[in-house]
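Colleague:
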Amino acid sequence: MLAQQRQSRIAERVHRTGAVRVAELVEEFGVSDMTIRRDLETLAERGLVAKVHGGATAVDFGSTTEPGFAVKQVRQEAEKQAIAQAAATLVGPGQAIALSAGTTTWTLAHHLTDVADLTVVTNSVPVADVFYRAGRSDQTVILTGGVRTPSDALVGPFAVASLERVNVDTVFLGVHGMSERAGFTTPNLLEAETVQALAAKGRRLVVVADHTKFDVVGIATIASLDDADVIVTDAFLDDTARNTLAEYVDQVVLAPTLTAAPAQQTRGGLAPDSKSAATAATTTEMRSA
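Quick note on the working numbering: the sequence shown kicks off at 49 and runs consecutively.
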């Protein structure tokens with residue numbers, strides 16, 4: 049396992065459990081004590097964990113705390129890649145789409161640079177840069193103006209005004225959290241208004257969010273769960289979360305990763321096991337009529 053992959057797994061475990069011990073990680077990953085300590089040092093420097101004697105604890109991100117783009121970029125990288133690959137299949141040549149800001153939508157953008165005659169509307173500087181660097185003359189990118197946030201989103205009245213007369217086929221929305229009570233949320237009040245305006249501009253709303261976003265609540269609600277037509281997430285999402293989302297959303301797509309969770313019974317059948325996850329397309333769940 050590469051150091052970056054190991055560090056991603058460590059960060060996810062800290063986020064899930066609240067704390068880890070060096071000795072536990074040494075046994076789990078089969079590496080030296082010094083290697084784990086270097087991993088924790090790297091994660092602490094990135095703001096992903098807080099180092100303590102003998103281990104690390106989770107960083108307390110409140111409902112108004114917004115980590116920067118670089119911090120979020122290294123979280124759940126395998127899951128984001130799987131989600132992006134699945135979401136990219138929803139886009140065809142000649143379509144107009146919108147991508148909100150975020151590292152998952154940024155990852156998705158890399159999978160769309162080969163789509164012919166694509167028009168992209170975005171409030172994300174990094175997303176626009178992906179298409180700019182691809183250099184395709186048949187792709188049109190429209191970048192809203194606005195005030196720049198820590199996550200490199202352009203937000204505020206100018207961004208909202210620039211979206212007033214825009215209409216697209218599909219909006220791809222990245223979110224800070226999703227829950228039954230609060231819906232899809234953001235930790236940035238100013239960003240909420242801009243993303244709400246963006247979400248309303250598509251004939252179809254697709255939310256792209258990895259499993260760690262479930263039951264996370266930011267201070268501002270962007271949309272309710274049933275506003276989404278599709279949610280593309282990963283196969284690590286547990287049964288409770290899957291069933292909850294399936295009650296509100298027409299289609300829940302479970303993107304398999306190379307190390308997916310063990311097979312579990314879901315509303316739409318069996319989730320992919322760890323062996324088949326690398327080759328399976330997606331697992332979908334449909335809301336009952």
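The C-beta atom is built at its ideal place from N, Cα and C for all residues, glycine as well. Because the structure is a prediction, the values reported are computed rather than measured.
Excluding the 5 residues preceding and the 5 following Arg86 in the sequence, name in chain order all residues of the same chain whose CB lies nearer than 6 Å to its CB.
Modeller: If we look at Arg86 and ignore the five residues flanking it on each side, it has no Cβ neighbours.
Colleague: Specify, as a first and last residue, the run of the alpha helix (DSSP H) that Ser185 falls within.
Modeller: No alpha helix (DSSP H) contains Ser185, which DSSP labels as neither H nor E.
Colleague: In chain order, what residues of the same chain lie with their CB nearer than 6 Å to the CB of Ala173, ignoring the 5 residues before and after it?
Modeller: As written in the sequence, residue 173 is Val, which differs from the Ala given in the question. If we look at Val173 and ignore the five residues flanking it on each side, its Cβ neighbours are Asp200.
Colleague: Please state whether DSSP places Gln53 in a helix, a strand or coil.
Modeller: Here Gln53 sits in helix by DSSP.
Colleague: Output the distance between the C-alpha atoms of Thr281 and Gly103, rounded to the nearest integer angstrom.
Modeller: Rounded to whole angstroms, Thr281 to Gly103 spans 30 Å at the Cα level.
Colleague: Which residues in the same chain have their Cβ closer than 6 Å to the Cβ of Ala144, if we skip the five residues on either side of it in sequence?
Modeller: Answer for Ala144: Thr167, Val216 and Asp217, listed in chain order.
Colleague: Is the segment 153 to 166 in contact with the segment 121 to 140, if contact means three or more CB pairs nearer than 8 Å?
Modeller: Counting Cβ pairs under 8 Å, three or more are found: they touch.
Colleague: Tell whether a beta-carbon distance below 8 Å holds between Glu127 and Thr305.
Modeller: Result yes, Cβ atoms of Glu127 and Thr305 sit closer than 8 Å.
Colleague: Can you check which of these residues, Gly204, Phe220 and Ala164, is closest to Glu239 by C-alpha distance?
Modeller: Looking at the Cα atoms, Gly204 is the closest of the given residues.
Colleague: So what's Val139 in DSSP terms, helix, strand or just coil?
Modeller: In the structure shown, Val139 sits in coil (DSSP, three-state: anything other than H, G, I, E or B).
Colleague: Is the number of C-beta pairs between the segment 54 to 65 and the segment 77 to 97 that are closer than 8 Å three or more?
Modeller: At 8 Å Cβ cutoff, the stretches touch.
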